[in-house]
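My numbering puts the sequence shown at residues 88 to 576. Notes for the one structure printed next.
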Amino acid sequence: MNYTTIKKTIVVVSLLAMLGLYLVCATQAEAPKPIALHPENPHYFIWHDKPQILITSGEHYGALLNLDFDYVTYFEELKSHGLNHTRTFSGVYREIPSSFKITDNTLAPKPDRFVCPWARSDQAGYFDGGAKFDLARWDEAYFERLKDFMKEAQRCGIVVELTLFCPMYNDELWKACPMNEANNINGIGLCPSKEVYTLKHQKLLDAQIAVTRKIVRELRDFDNLYYEVCNEPYFGGVTMEWQRRIVDTIVAVEKDFPEKHLISMNIANGRQKVEDPHSGVSIFNFHYCVPPDTVAMNYELNKVIGENETGFRGKADVLYRTEGWDFLLAGGALYNNLDYSFTPKHTGGTFRDYQSPGGGSVELRQQLGILKRFLYRFDFVRMKPDTSVVRSLTPELAGSALSESGKSYAIYIHVPLPKNPKDLQKQLREDIEAEITLSLPSGSYKAKWIDTKTGEITKRETFEHREQEKCLVSPRFDNDIALHINHHD
């Protein structure tokens, strides 16, 4: 090879190397960052460079582990209403058909239709048929399904809460768990159900840490994801020391990742003040928040407060519509209704005849989509909960509000509803005309009243305000209505 040829070869190789480096840098630059706390207001999220609130009415967490569940159709249904969130369990925990009196429970797959991170062995003896699990081997088909699940959710603009673990609410559920010694070939899990999520059993703990590491490594590149350590850890003997160990594991695995994922802890049913939070936790989730006073109780954490499960109040849409509006206008940033209209046979959410303890319907999903669009019309990152703007309501109604003082006000009013109404129809009211007295700074304002069931603007008005308080009269409405006020230059 002569000198000229060598020189040309060097130039070509250098150009190819530079092109490769450029493509790598461009790919890294274009890769979307995972959903994160908003840097200007960490009570909310940022995703794809836009402020986000997560709102959904989702299936009962079995979309991944149940092979009969068509998650593509499910995601399309959520997307059609503008909903942007789902919650799914990893498969480490599963349920059985009798669990919690749920009709066609997605978390209770039929025999041989359950998948989890661990591979099956060649030894028969799993609790509902088929081979036992080998906790030393991974099921690659499961991880292919997991990644496809994440991709399809991503395509539909849906953020996934991946709940890694769930307590054993009773011994029957422990009998179905792959971590139970009776269901694996590794001699792991010879303990009572209330000791599964403690630091007492080293081999069991090692398996739990290993599966956490595996999942976190596999999902490192997905931006539409955050992790929840354990569903309802206040049941079943789950210890805080164990939860912190799992958080530490996630943080350690992601230490050298270019981007980190948010981590959530599920704190309580109803309300509880968070004490001594782990520094790695950014989302504090609660269940069944009626009223939503846990938001104010924990607002000083400067992190996201979420309600990632509702239900057990009956079937009526009004219960979960009012709960969602109340929670988010109290300053929450995540609302997930538990929707029993989704089953393996009805992955589009069309099931009507369920006898489950909660609600869910296409109409409710439409109404939650209206809630999301209402909030997204505001610059909500600049807003905060405001208990002073509504001075009085006539007749006696409940209300909540977000405000950017003097600029924007998001107000919601509704008939008061207890957490578990015994006779709902007696507490609902139709054809209400409300007078609302507001405390506003002087200025010019535009007000719009929004029908929470249809999204229609039912009344508009512009007013000059020079006094300390202003009285507005609503259009007539049934049960609840929203009010959008902006300063008018």
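Ideal placement from N, C-alpha and C gives every residue a C-beta, glycine not left out.
With DSSP as the reference, label residue i as helix, strand or coil.
i, result
"Lys137", "strand"
"Ala150", "coil"
"Gly217", "coil"
"Val179", "coil"
"Ser561", "coil"
"Leu277", "coil"
"Val246", "strand"
"Asn566", "coil"
"Ser492", "coil"
Comparing alpha-carbon positions, which option in the options lies nearest residue i?
i, options, result
"Tyr229", "Val247, Ala420, Arg207, Tyr213", "Arg207"
"Ser495", "Arg439, Asp440, Lys471, Glu517", "Lys471"
"Phe309", "Arg242, Thr437, Pro265", "Arg242"
"Asn128", "Leu151, Gly446, Arg331, Pro138", "Pro138"
"His433", "Phe236, Val449, Gly244, Leu170", "Val449"
"Tyr213", "Trp412, Asn271, Ile537, Lys347", "Asn271"
"Glu491", "Gly178, Leu484, Phe465, Ala485", "Phe465"
"Asp215", "Glu259, Leu251, Gly244, Pro254", "Glu259"
"Leu141", "Phe236, Ile350, Asn171", "Asn171"
"Phe176", "Val247, Phe550, Trp412", "Val247"
"Asp413", "Asp473, Ile354, Asp426, Ser369", "Asp473"
"Ile354", "Lys402, Phe429, Arg331", "Arg331"
What distance in whole Å lies between the Cβ atoms of residue j and residue i, which are believed to be in contact at a cut-off of 8 Å?
i, j, result
"Leu489", "Gly418", "7 Å"
"Ile500", "Ala521", "6 Å"
"Leu421", "Glu394", "7 Å"
"Tyr375", "Thr326", "Actually they do not touch by this definition, with Cβ atoms about 23 Å apart."
"Arg181", "Phe201", "6 Å"
"Gln442", "Thr193", "With 8 Å as the limit, Gln442 and Thr193 do not qualify as a contact, their Cβ atoms being about 15 Å apart."
"Gly493", "Gly530", "6 Å"
"Phe371", "Met352", "6 Å"
"Pro254", "Pro320", "6 Å"
So who's on the other strand from residue i, going by DSSP bridges?
i, result
"Ser208", "Partner(s): none; Ser208 has no beta bridge."
"Met352", "Phe371"
"Leu421", "Leu141, Gly393"
"Trp225", "Trp205"
"Ser479", "Thr524"
"Leu504", "Answer is none; Leu504 lacks a bridge partner."
"Tyr463", "Looking at the DSSP assignment, Tyr463 forms no beta bridge with any residue, so it has no partner."
Going along the chain, which residues of its own chain have a beta-carbon closer than 7 Å to the beta-carbon of residue i, five neighbours each way excluded?
i, result
"Leu416", "Ser487, Ala488, Leu489, Ala497, Tyr499"
"Asn566", "Val405, His501, Val502, Leu515, Arg516"
"Leu154", "Pro196, Arg200, Val202"
Within the same chain, show all residues whose beta-carbon is closer than 6 Å to that of residue i, passing over the 5 residues directly before and after it, in chain order.
i, result
"Thr524", "Arg478, Ser479, Glu556, Cys558"
"Leu291", "Ile275, Gly276"
"Val298", "Pro204"
"Phe564", "Ile519"
"His168", "Arg452, Gln453, Gly456"
"Leu108", "Bear in mind that the predicted position of Leu108 carries a pLDDT of just 49, short of 50, making it too unreliable to give a figure here."
Which same chain residues end up closer than 8 Å to residue i when comparing Cβ atoms and leaving out the 5 residues on each side of it in sequence?
i, result
"Pro126", "Ile133"
"Ala211", "Gly217, Ala218, Lys219"
"Arg358", "Phe373, Cys376, Asp380, Thr381, Met384"
Say whether chain B places a C-beta atom closer than 7 Å to the C-beta of residue i.
i, result
"His130", "You won't find chain B in this structure, because it holds only one protein chain."
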